[in-house]
Ligand SMILES: [Fe+2]
Ligand SMILES: [Fe+2]
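In this note's numbering, the protein residues as written are 1310 to 1780.
Here's what the structure looks like:
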């Protein structure tokens, strides 16, 4: 394991790929299929345009990002693992402290394969969901950020495919092939998780997706960075450094829309944001409700024996497992609101069975932090409006609340009442029509569409009129 990246190799890497010719050949055979998938399902129509992208050239802290204009198909997708000092150990579970696994233990093979494939499937899925967005970009700055996210999701797929090829033999190679065959939203061959089959037609959804859905990724990757399967832990650790940018794009993108809407609200004699061509706060709230709740589903069931087994065997920890005192979690309970006879009652769940919910808690706290920041923008720009996160029971398709109906405050309601209010609570097709009508591309360097405020700072400290994408 080195910190230097072999950039001469067909597949840039710091995993010593050239020492393993069989693996190298297998991945080099997968490469053209990947490029074909990228061409078919990646961003449309911008393949020949140089984009100001960052590429990893070293995995050391602060030294891994190198910026230059490259055409997306020429991006150096590679395999990078965070280097490890000393001998890794299991971070949690029954055998906490025992040596970590450098290869897949037979008894955990199926579970690990499932964990890795599920994570891997989200990466190409999001690229597919976002493929048309370049045509309605509000600025070259945003266009560049979209493409940066896209190429890095592609690299995350590489990261997972490397693990499948290296550690799972024939099965792993088959899984890697299937990752290029499923399609987001396809009726016959959909992506594995529901949020990754939802359409992402416009930039309000794009920013909400990178804010809320990529943020699920942050917590899943964070939990896998605590894995006793050391190659997975180090792979996901490096992915987290890239993921931070995706979350930045989402959080600041929504923040800039919120700021702009507050400005337009003030400008309009009736406080009507839409009359000024902006995005009204009700619509922003509906979009938050929609993507936040689909993203909550990604954490899985509130009470889960799978989650318990993953934790007990050290396959998956909690977010920042090191900050917890007790890494076995055999004693203790989690007080969970469950549905019983049409009522919400609190039940104590053994801690290990509540691991999904504990990870979801970390996520909710992080989303609340962002929400507070956005509401501060509203105060700063003189708007009386405030935005909120809906209850985690609202609009759920997974776990103990699915099949029941709650309002955004988390109170029981009938299906009839839910359906009646749905257009006020969640994104509806008319919303998409309106958003698409205002989202005309704005490709002039330094200019921004009317519905969004410019960022405070350029990428890599570039000036405002910088040509992030050469069209
Ligand atoms: Fe990713
Ligand atoms: Fe991401």
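Heads up, the beta-carbon is just placed ideally off N, CA and C, and yes, glycines get one too. Keep in mind it's a predicted model, so treat the numbers as computed, not measured.
- Ranked by Cα distance from residue 1537, the options 1424, 1489, 1503 and 1435 are led by 1424.
- In terms of side-chain proximity, the C-beta atom of residue 1432 is found nearer than 6 Å to a non-hydrogen atom of ligand 1.
- At least one heavy atom of ligand 1 lies less than 6 Å from the C-beta of residue 1462.
- The Cβ atoms of residue 1577 and residue 1585 lie closer than 7 Å to each other.
- Here the alpha carbon of residue 1678 sits roughly 20 Å from the alpha carbon of residue 1570.
- Burial state of residue 1338 is exposed, judged by a 10 Å Cβ sphere holding fewer than 16 other Cβ atoms.
- DSSP places residue 1703 in the coil class of the three-state scheme, outside both helix and strand.
- Residue burial annotation: residue 1606 is buried, with at least 16 other C-beta atoms found within 10 angstroms of its C-beta.
- For residue 1363, the uninterrupted beta strand (DSSP E) segment begins and ends at 1359 to 1365.
- Separation of residue 1547 and residue 1657 (C-alpha to C-alpha, rounded to the nearest whole angstrom) is 36 Å.
- Counting C-beta pairs closer than 8 Å gives fewer than three between the stretch 1691 to 1700 and the stretch 1664 to 1672, which falls short of the contact rule.
- At a cut-off of 3 residues, the continuous stretches assigned as beta strand (DSSP E) that sit fully inside the stretch 1609 to 1649 are 1642 to 1649.
- Secondary structure at residue 1314: coil, using DSSP grouped into helix, strand and coil.
- The shortest C-alpha to C-alpha distance from residue 1600 to any of 1742, 1681 and 1509 is the one to 1509.
- The closest heavy atom of ligand 2 lies less than 6 Å from the beta carbon of residue 1552.
- Here the C-alpha atom of residue 1731 lies approximately 25 Å from the C-alpha atom of residue 1562.
- Exclusion of residue 1494 from the 6 Å shell around ligand 2 follows from its C-beta lying no nearer than that to any non-hydrogen atom of the ligand.
- Apart from the 5 residues on each side of it in sequence, residue 1377 sits with its Cβ closer than 8 Å to the Cβ of 1361, 1362 and 1364 in its chain, given in chain order.
- Taking 4 residues as the shortest admissible run, the stretch 1397 to 1443 contains the following complete alpha helix (DSSP H) segments, listed from N- to C-terminal end: 1418 to 1438.
- Note: residue 1749 is not bridge-paired with any residue in the DSSP secondary-structure output.
- Following the DSSP letters along the chain, one finds residue 1689 inside the alpha helix (DSSP H) bounded by residues 1664 to 1689.
- Per DSSP, the beta-bridge partners of residue 1374 are 1365.
- A direct Cα-to-Cα measurement between residue 1441 and residue 1624 gives close to 37 Å.
- In this structure residue 1428 is buried. Its beta-carbon is surrounded by 16 or more other beta-carbon atoms within 10 angstroms.
- Ligand 2 never approaches residue 1562 closely enough for any of its heavy atoms to be under 6 Å from the residue's Cβ.
- The C-alpha of residue 1443 lies about 42 Å from the C-alpha of residue 1618.
- A distance criterion of 6 Å places the beta-carbon of residue 1465 in contact range of ligand 1, judged by its closest non-hydrogen atom.
- Distances from the CB of residue 1351 to the heavy atoms of ligand 2 are all 6 Å or more.
- In this model, residue 1419 and residue 1780 are separated by some 46 Å (Cα to Cα).
- Taking residue 1776 as the centre and dropping the five residues before and after it, the same chain places the C-beta of 1754 closer than 6 Å to its C-beta, in chain order.
- For residue 1653, the secondary structure class from DSSP, reduced to helix, strand or coil, is strand.
- For residue 1637, same chain residues with a beta-carbon under 8 Å away, outside a window of 5 residues either side, are 1401, 1402, 1403 and 1405 in chain order.
- Less than 7 Å divides the Cβ of residue 1628 from the Cβ of residue 1528.
- For residue 1520, there is no enclosing alpha helix (DSSP H), as DSSP marks it with neither H nor E.
- In the structure shown, the three-state DSSP call for residue 1695 is coil.
- Of 1640, 1626, 1689 and 1650, the smallest CA-CA separation from residue 1664 is found for 1626.
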